[in-house]
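The numbering used here numbers the first residue of the sequence shown as 13 and each following residue consecutively.
All C-beta atoms in this analysis are idealised placements derived from N, C-alpha and C, irrespective of residue type, glycine included.
Treat the numbers as computed from the prediction; the structure is a model and nothing was measured.
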Amino acid sequence: MKVTALAGGIGGSRFLRGVQAALPDANITVIGNTGDDITLHGLRICPDLDTVMYTLGGGISAERGWGREDESFVVAEELAAYGVGPAWFGLGDRDLATHLVRTQMLDAGHPLSDVVAALCVRWQPGVRLLPMSDQRVETHVVIEDDQGQRAVHFQEWWLRLRAGVPARSIVALGAERATPAPGVLDALADADVVLLPPSNPVVSIGTILAVPGIRDAVAATSAPVVGVSPIIGGAAVRGMADACLTAIGVETSAQAVGRHYGGRGRVPAAGTATAGLLDGWLVDTVDADTVVPGAAVAARPLLMTDLAETTAIVRAALELAGV
Ligand code: GDP
Ligand code: CA
Numbered sequence: 013m014k015v016t017a018l019a020g021g022i023g024g025s026r027f028l029r030g031v032q033a034a035l036p037d038a039n040i041t042v043i044g045n046t047g048d049d050i051t052l053h054g055l056r057i058c059p060d061l062d063t064v065m066y067t068l069g070g071g072i073s074a075e076r077g078w079g080r081e082d083e084s085f086v087v088a089e090e091l092a093a094y095g096v097g098p099a100w101f102g103l104g105d106r107d108l109a110t111h112l113v114r115t116q117m118l119d120a121g122h123p124l125s126d127v128v129a130a131l132c133v134r135w136q137p138g139v140r141l142l143p144m145s146d147q148r149v150e151t152h153v154v155i156e157d158d159q160g161q162r163a164v165h166f167q168e169w170w171l172r173l174r175a176g177v178p179a180r181s182i183v184a185l186g187a188e189r190a191t192p193a194p195g196v197l198d199a200l201a202d203a204d205v206v207l208l209p210p211s212n213p214v215v216s217i218g219t220i221l222a223v224p225g226i227r228d229a230v231a232a233t234s235a236p237v238v239g240v241s242p243i244i245g246g247a248a249v250r251g252m253a254d255a256c257l258t259a260i261g262v263e264t265s266a267q268a269v270g271r272h273y274g275g276r277g278r279v280p281a282a283g284t285a286t287a288g289l290l291d292g293w294l295v296d297t298v299d300a301d302t303v304v305p306g307a308a309v310a311a312r313p314l315l316m317t318d319l320a321e322t323t324a325i326v327r328a329a330l331e332l333a334g335v
């Protein structure tokens, strides 16, 4: 069975571990979000790709959910002693080696997809991990504060401001000129099932779908497409996805996110809406009354408390997909 999943960071990675447990023999391709990527201290950092790689490769910090287990922050402390920030971005010593290798390879002219493949030789995540694009796409957030209206990098809004300053808009800079990385469109076209994990619908899944060609490939695949809601009972399980949804005018509810992705069976009003993506939408039991026109809805508890529970969530998604 060929499974293709789109994924952000923590929510996506946890779900992917369940996919691996539910389907140990499957060929799994993961299309990772690179909109969170940032350059700091001259190093190119890809937080979501690394979270997937470390989580599936057994190197993730279980406590934090990002970065490396058994991590130290000596370099960050030394930088701070020089007054060099930003202090709000956690850069561990072990993690730094990944960024050094990646930056050297990128500087030598290798595309990001080759770099990811090279890093995965060490981590053996058990999936084919593809960046959504080899071109740079960076999510920026337009905010208004005492300095007036300005755009900040997504990481500054998310980590320094904790998404506490309302976003006027969220822009995937460079997305319109980007092309899907090699293998991405084929992985969607050739899949037996396409999964949208409970990743952030705006700055993880939404950014991946913003790369021209990817959204259409999801809408057009002959495989069933099933999504899992990151919103339970009107709130994000973790993080500030509500602030992202508000910025794009979508209510923070499982139903609104399902309708935002859209049902594939929905007949769009002439000349208006884009094609829907979902054949199935899995929501939590508390959201069982969700209706998404053109998609089948099923409900079960959606808290990924441990691997067994996450695997059961994946099985329910596969059942909804009919595979
Ligand atoms: P990030 O890049 O690290 O923010 O991770 P993702 O974009 O992959 O996932 C973030 C989303 O995961 C958030 O919107 C959370 O609501 C969602 N999430 C986290 N844990 C759970 C969980 O246990 N169950 C569900 N349904 N969603 C979760
Ligand atoms: Ca992310």
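Straight-line CA distance for residue i to residue j?
i      : j      : result
Ser264 : Trp293 : Checking the sequence shown, residue 264 turns out to be Thr, not Ser. So the alpha carbons of these two residues sit roughly 15 Å apart.
Gly95  : Glu89  : 10 Å
Gly97  : Leu91  : 7 Å
Glu81  : Val87  : 16 Å
Ala333 : Asp291 : 7 Å
Val42  : Ile325 : 18 Å
Val113 : Asp158 : 39 Å
His272 : Ala266 : 10 Å
Leu52  : Val164 : 14 Å
Gly245 : Leu208 : 19 Å
Phe101 : Gly277 : 42 Å
Is it right to say residue i is buried, meaning 16 or more other beta carbons lie within 10 angstroms of its own, or is it exposed?
i      : result
Met10  : The structure shown does not extend to residue 10, since the chain spans only 13 to 335, so no value can be given for it.
Gly176 : exposed
Ala320 : exposed
Val303 : exposed
In three-state terms, what does DSSP make of residue i?
i      : result
Arg56  : strand
Ile260 : coil
His165 : strand
Gly23  : helix
Thr67  : helix
Thr41  : strand
Ala17  : strand
Val326 : helix
Leu142 : strand
Answer yes or no: do residue i and residue j have a C-beta to C-beta separation smaller than 8 Å?
i      : j      : result
Ala235 : Val206 : yes
Gly24  : Ser181 : no
Ala311 : Thr297 : yes
Thr46  : Leu28  : no
Thr151 : Thr219 : yes
Gly186 : Leu142 : no
Ile72  : Arg250 : no
Asp48  : Gly79  : no
Val237 : Leu289 : yes
Under 7 Å from any heavy atom of ligand 2, by CB: list those residues in chain order, please.
Gly20, Gly21, Asn45, Asp48, Pro59, Asp60, Asn212, Val215, Ser216
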